[in-house]
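Taken in order, these protein sequences are the chains called A and B.
Residues are numbered in my numbering as their position in the first sequence, beginning at 1, plus a constant of 60.
Residues are numbered in my numbering as their position in the second sequence, beginning at 1, plus a constant of 1140.
Idealized CB from N, CA, C, for every residue including glycine.
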Amino acid sequence: MTTTHTVLIVEDGDEYRENLSRFVPGPRYLQARSGARALELLRAEPVDLVYLDMRFDRIPQADLLGDHAAATRQHNGDPVRAWRYLETNQGLFVLHALSEAGFGHVPVILAYDFSREAARLKHLKARHPNLFWVPDAVTPEEIRALMDQIFDS
Amino acid sequence: MRRLAGLAVLLASAAWAAPDGGVPDATDAGTPDAGEGRPGSSERVRELGPELVRRAARKANAEGRALLEAGDPAGALAAFKLAYELSDQRDAEAANNAGFAWHKLNDRERAREWYERSLALDPRRGLAWQNLAELYSGPSAPAEDLEKAAAYLGRAREFLGNKRFVVRLQARVAARQGRFSEAMRQYLAVQPQDDALFLEIGDFLRDYARDDEAADWYGRVAGPELAGEAEARVRKLRLARAVAEFELSLHTEGIPNRARQYLQLAGSLARIGDRSEAVRLLEEALALAPLYSEANILLGDLLAQSEPGRAELAWLRALVVNGRNVDVLVRVAGLHLSQGRANAAASFLTRAVEVAPERNDLRLRLARAWHAAGNVRRALAHLETYLAEAPEGVEAREARALKAELEQAAPQAPAEPDAAAASPAEAQAVHRATRFIGEGRLNEALAELVALPEGSRGAAVYNLLAFAMRRLGRTEDAIRFYHASLAEDRDQPATLLALGQLLLESREAASGRVLLEEAELAGSVEASLALARLDAIPPESWPGIVQDAVHLRALTRARDRLDAYLDATDAAYRSDAATLLREVRGRVRAVWWVGGALALGLVLLIVGIARRRWGGADLGELITRFPETGPEVQGVLSAIRHEVLKHNTMVLTGLVEAIADDEDAGAKAAWARQSLLGPPGSRDRRDAAGQRLKDYAAELVRIGLGQRLRLNLRRRDPAISALLKGFRLLERAAPALDRYDRLGRGGRRRLKRTLEHATRLLNVEGYEAVRALLDRLRLLRVDAGVLETIYTRTRREPAFAGAAFAPFTLEGGDDLPCAVAMPRRAFEDVVGNLVRNAIQASVRQAPGRPVHIGFAVSTDVDFITGLAWLALRIRDRSPHELTVEMLRGRYIEEGLGITADLVSRYDGALDVVQDEAPWTKAVVVRLPRVDDEDGGDDA
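Written out as structure tokens, the structure is:
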């Protein structure tokens, strides 16, 4: 790993920024707390890797990406559940937005455990070939190794 | 007064002549001066001439003395005053005599005034000094008066010489002043000496505790008049110790062994109720030893009810051997009383009281016997004595009531002496002393006892002395005498009892108890009662039940003793004992009840604590029993996974790695501490992972309580307990994290081990358990069979009996089987309700025609999220309109309303679509699909 790599962390808090900067030092870390901000940063400077959180339940609902009306229809007309759906899967809406915005080539590590959802991962990988994931219980060493693998490829 | 009137006549006739001398001063001669007489007479008296006046004054003085001797001090006073006036107030003798008359009239002040008037006229008048001294040495004279009296006697002695009365009075005054040597010197100077003086000197020496010398002076009394009194005082001087116990041990010497064995066997048989055989054996024993007391006593006991005549004979035989056996005396008395022979009963009881005066209960028995015999005076006397010593209780109240009744019947009179005792010297003294004690004449009783020579005082004497001392309130002396008595003879149950009770009163509880127990062993039933009372002493402090519980054994002992006491034939305080027994039984019962209740409560409490600590359910049980809680539980578990575990894995493993590599671990430790447990010293830990875990755990507990199920996440749930335990470990490691830089190598090693342990708990055990639980929550395998079963069950419902149904059809079966995130029951409810609704619509629309219901399944995948839904369509051919709003708004058939809720709860959706012919429409249920690696929950 070289110090020139830039990693954009997209999360609703500061945990990944705090933890990665401490326990996986090396890359330069940027942080965005919403999909829109992530796109701004991507447009502003080159990013080698996006480290993406899945669940965004600590940012304003207005900052969430995704079609709330469609989600409401999907959820029996329940707007509350629709918001929850958007929060719970916000990482994938951000991923979709990045792809739609032309940043589909940027590798993404999604912090979500797909070990029990192989079909879903398959579907997502088909759409986002540069998608990687780490389980919830991941060590700095494993993250570092994955980053090295991505940067080297 | 008539004589004074005559004197006046004499004066009037001037023919009055007065003899010389006077009382008490026979040697004094008045001054023949004329003086002021009575109003209206002085002038006439003066006219009589000095000689006539002097003679008249002497005559008046002599008349006064005669009146004094005749016991008329008032008349004498008038005469002495006349003499004094006739002497023109110059007659010192008349003034002295007037003072003496005032003294006789008990006017001490005027007597002093006249004596002093006399001495003012004649300071050398010894008799006036003597009278004045006597006035100041009265029985209640204070010290200053005695001092004056001593001084006046000194003056009297100057003028009267060694006059006997003066010397004796000097001795008495000195004795009262505490001047022993002076008093003794004066007594020895009194001449002549006589028996009365010897007696007085003896008293003086006795009062100064010189008993031997006093006895010597008493011994000088020779005349018959005072000899008896002197002897009595000698006896009193020897007063020392008291004893009340005359109990004699039964003589068993010379009793054949076989007779003893018969007695022993008879006793055993009597205890088990075989009276006839016991009597037979006793008769055998008595045939061998006719005067075997114990056998006679037991025989009497056994025959008392059935053959009172024989019983009496047996007891009397026992008394032949030992006439002082109080128990037997009481038995015989009881027998007589029951046979209506009250006088005989009183006689035996009188004897019993003589023998055992310390047995106060005997006095009550005796009083009752006398009452029955009609002798009120004697009954009252014994009641009085009894009540002076009786403990408060039923017996005492009854005794008081009887006394009051008898007092109304007859005026109170002193008790008559009891019958005389036997002849031996000690017995006579004891008998007399006993009688005196019975009459409350303690001093005389003591005198009788001390009259005995030292060597001849046995236990009985000491017992009486102790008893008397006790009555006098001299407890220590009483105890000493009781000990002396027991030193003479230890086999005295009553003495042991009395001493034990005395020691208890003297707050020597331990010693007292030992003696009472010894008395009980020696056969004293009253000792049993005393011990029972001791054990049943009411609790001193609130709550009494606690005291009773602490002393339950003592209470139980008291109960047993009281039971035995009430069965004893010679129990004296039966009513008291019965009352106490009731109370003790009640207290024992209360202790058992309360103790039982407390024990039960304690057991329940322990069970409750154990259930609270180790009982309760885990999350698996919650979602099994209440599948509807699944979505909520799933939400919380997902949040735990996301917020608690996800970040902490990196922190903990990163910190462990840093410690191992020794790379900037201090800063990482500080960060770990803050992110996992909150900032050091801060109470705001809302953002700390540990606090969030606790909050989520509380949320899960709340979900459980919503179903009335108590979750024990800390101990029973494999997922949450591992997480909580992991965070507890971290909390214990917090101090080490805070001062990581100051930790030594060992400390860092220990911290690393702790962190590794916590990591295992949190990120391996806890994480895997949470994930497994989440898997359990969302898996239900759906296949064609499930759908057909639901369809078949629904169409067979009674409401659809008679309707014809087309066969089950399913389109899109390739998508099955699949797993959905919904519990089986919820799935069946949803599908069943939709099928029922479709059937109802079809039947209503075309009655009598076959009902066609079709199923079609497909899978919808969300393009963005990759989430998949199983879309189940339930088709019908009814033209009846149905909209999504009607479904969600519950406008449709009853029973379908919950369907929308159920579907929503499990993140599904309901829709209505137009379907291709021959179908008219289809209700579409969309449910989240999950990967089915483990097969799911088979239908």
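| message | For chain A, check one thing: does any of its Cβ atoms lie closer than 8 Å to the Cβ of residue 2007 (chain B)? | response | Yes, because at least one Cβ of chain A sits closer than 8 Å to the Cβ of residue 2007 (chain B).
| From A:192, A:166, A:119, residue whose alpha carbon lies closest to that of residue 101 (chain A) | Minimum Cα distance to residue 101 (chain A) is reached at A:166.
| request: For residue 1808 (chain B), I'd like the list of residues in its chain whose CB is within less than 6 Å of its CB, leaving aside the five on either flank, ordered along the chain. | output: If we look at residue 1808 (chain B) and ignore the five residues flanking it on each side, its Cβ neighbours are 1795, 1798.
| Hey, how far is the Cα of residue 1947 (chain B) from the Cα of residue 1993 (chain B)? | Roughly 8 Å between the two C-alpha positions.
| message | Quick check on residue 1979 (chain B): buried or exposed, where buried means 16 or more other Cβ atoms within 10 Å of its Cβ? | response | Counting Cβ neighbours within 10 Å, residue 1979 (chain B) comes out buried, since at least 16 surround it.
| query | Should the stretch 1400-1419 of chain B be called in touch with the stretch 1365-1378 of chain B, which here means at least 3 C-beta pairs below 8 Å? | reply | No: the two stretches stay apart, fewer than three of their Cβ pairs being nearer than 8 Å.
| task | Leaving aside the five residues before and after residue 1837 (chain B) along the sequence, list all residues of the same chain whose C-beta is less than 7 Å from its C-beta, in chain order. | result | By the criterion of a C-beta distance shorter than 7 Å, residue 1837 (chain B) is surrounded in its chain by 1853, 1860, 1864, once the five residues flanking it on both sides are discounted.
| Cβ-Cβ distance between residue 1996 (chain B) and residue 1976 (chain B) below 8 Å | The beta carbons of residue 1996 (chain B) and residue 1976 (chain B) sit no closer together than 8 Å.
| message | Give the list of continuous alpha helix (DSSP H) stretches no shorter than 4 residues that lie fully inside the stretch 84-108 of chain A. | response | 95-104, all fully within the stretch 84-108 of chain A.
| message | For a contact defined as C-beta to C-beta under 7 Å, what are the partners of residue 87 (chain A) on chain B? | response | Contact note: residue 87 (chain A) does not reach chain B at a C-beta cutoff of 7 Å; the least C-beta distance is about 15 Å.
| message | As a quick exercise: from B:1689, B:1469, B:1366, pick the residue whose alpha carbon is nearest that of residue 1709 (chain B). | response | Closest by alpha carbon: B:1469.
| field | Residue of B:1601, B:2021, B:1964, B:1958 minimising C-alpha distance to residue 1981 (chain B) | value | Minimum Cα distance to residue 1981 (chain B) is reached at B:2021.
| Assigned exposure category for residue 1242 (chain B) - 16 Cβ within 10 Å defines buried | Residue 1242 (chain B) should be labelled buried.
| Residues bridged to residue 2052 (chain B) (per DSSP) | For residue 2052 (chain B), which the question treats as bridged, DSSP gives the partners B:2063.
| query | Apart from the five residues on each side of it in sequence, which residues of its chain come closer than 7 Å, Cβ to Cβ, to residue 121 (chain A)? | reply | Counting only Cβ-Cβ distances below 7 Å, and skipping sequence neighbours, we find 143.
| request: State the beta-bridge partners of residue 112 (chain A) as determined by DSSP. | output: Bridge partners of residue 112 (chain A) according to DSSP: A:70, A:170.
| query | What are the boundary residues of the alpha helix (DSSP H) that includes residue 1951 (chain B)? | reply | Counted as a single uninterrupted DSSP element, the stretch harbouring residue 1951 (chain B) is not any alpha helix (DSSP H) but the beta strand (DSSP E) occupying residues 1949-1951.
| request: For residue 1328 (chain B), count neighbouring C-beta atoms within 10 Å of its own C-beta (all shown protein chains included) and say buried if the count is 16 or more, exposed if not. | output: Classification for residue 1328 (chain B): exposed.
| Does the separation of the CB atoms of residue 1828 (chain B) and residue 1821 (chain B) fall below 8 Å? | A distance of 8 Å or more separates the beta carbons of residue 1828 (chain B) and residue 1821 (chain B).
| field | Inter-residue spacing [alpha-carbon to alpha-carbon] between residue 2004 (chain B) and residue 99 (chain A) | value | The C-alpha of residue 2004 (chain B) lies about 17 Å from the C-alpha of residue 99 (chain A).
| task | Return no unless some Cβ of chain A is closer than 8 Å to the Cβ of residue 2080 (chain B). | result | The displayed coordinates of chain B run from 1141 to 2079. Any statement about residue 2080 (chain B) would go beyond what the structure contains.
| Contiguous beta strand (DSSP E) assignments of at least 3 residues, all confined to the stretch 1907-1990 of chain B | Entirely contained in the stretch 1907-1990 of chain B, the beta strand (DSSP E) runs reaching 3 residues are, in chain order, 1920-1922, 1949-1951, 1958-1960.
| Pair within 8 Å by beta-carbon distance, residue 1840 (chain B) and residue 1776 (chain B) | Taking C-beta atoms as the reference points, residue 1840 (chain B) and residue 1776 (chain B) count as a pair closer than 8 Å.
| message | For a contact defined as C-beta to C-beta under 8 Å, what are the partners of residue 1897 (chain B) on chain A? | response | The premise fails here: residue 1897 (chain B) is roughly 15 Å from chain A at the closest Cβ pair, so nothing lies under 8 Å.
| request: May I ask you to report which of helix, strand or coil DSSP gives residue 2012 (chain B)? | output: Residue state, collapsed to three classes: strand.
| field | residue 1999 (chain B): first and last residue of the uninterrupted beta strand (DSSP E) it sits in | value | For residue 1999 (chain B), the uninterrupted beta strand (DSSP E) segment begins and ends at 1993-2001.
| Do the CB positions of residue 203 (chain A) and residue 84 (chain A) come within less than 8 Å of each other? | Yes, the Cβ-Cβ distance between residue 203 (chain A) and residue 84 (chain A) is below 8 Å.
| message | Please state whether the Cβ-Cβ distance between residue 1604 (chain B) and residue 1497 (chain B) is less than 8 Å. | response | Yes.
| request: Flag this pair as touching only if the stretch 2043-2053 of chain B and the stretch 128-139 of chain A have three or more C-beta atom pairs under 8 Å; answer yes or no. | output: In the pairwise beta carbon analysis, the stretch 2043-2053 of chain B is classified as touching the stretch 128-139 of chain A: at least three pairs are separated by under 8 Å.
| task | Tell whether a beta-carbon distance below 8 Å holds between residue 1636 (chain B) and residue 1626 (chain B). | result | Yes, the Cβ-Cβ distance between residue 1636 (chain B) and residue 1626 (chain B) is below 8 Å.
| said: On a Cα-Cα basis, can you pick out the residue from B:2063, B:2018, B:1315 that is closest to residue 2025 (chain B)? | reply: Sorting B:2063, B:2018, B:1315 by C-alpha distance to the C-alpha of residue 2025 (chain B) places B:2063 at the top.
| query | Name the residues in the stretch 2013-2025 of chain B whose C-beta lies less than 9 Å from a C-beta of chain A; which are they? | reply | The residues in question are 2024, 2025.
| task | Could you list the residues in the stretch 1942-1969 of chain B with a C-beta less than 9 Å from some C-beta on chain A, going in chain order? | result | Answer set for the stretch 1942-1969 of chain B: empty.
| query | What does residue 1766 (chain B) pair with, by DSSP beta-bridge criteria? | reply | Residue 1766 (chain B) has no beta-bridge partner at all, per DSSP.
| task | Kindly list the residues whose CB is nearer than 8 Å to the CB of residue 75 (chain A), restricted to its own chain and excluding five residues on each side of it in sequence; keep chain order. | result | Nothing meets the Cβ criterion.
| task | Check the C-beta distance from residue 1218 (chain B) over to residue 1231 (chain B) and give it rounded, since I have them as a contact under 8 Å. | result | Not really, about 15 Å apart at Cβ, beyond 8 Å.
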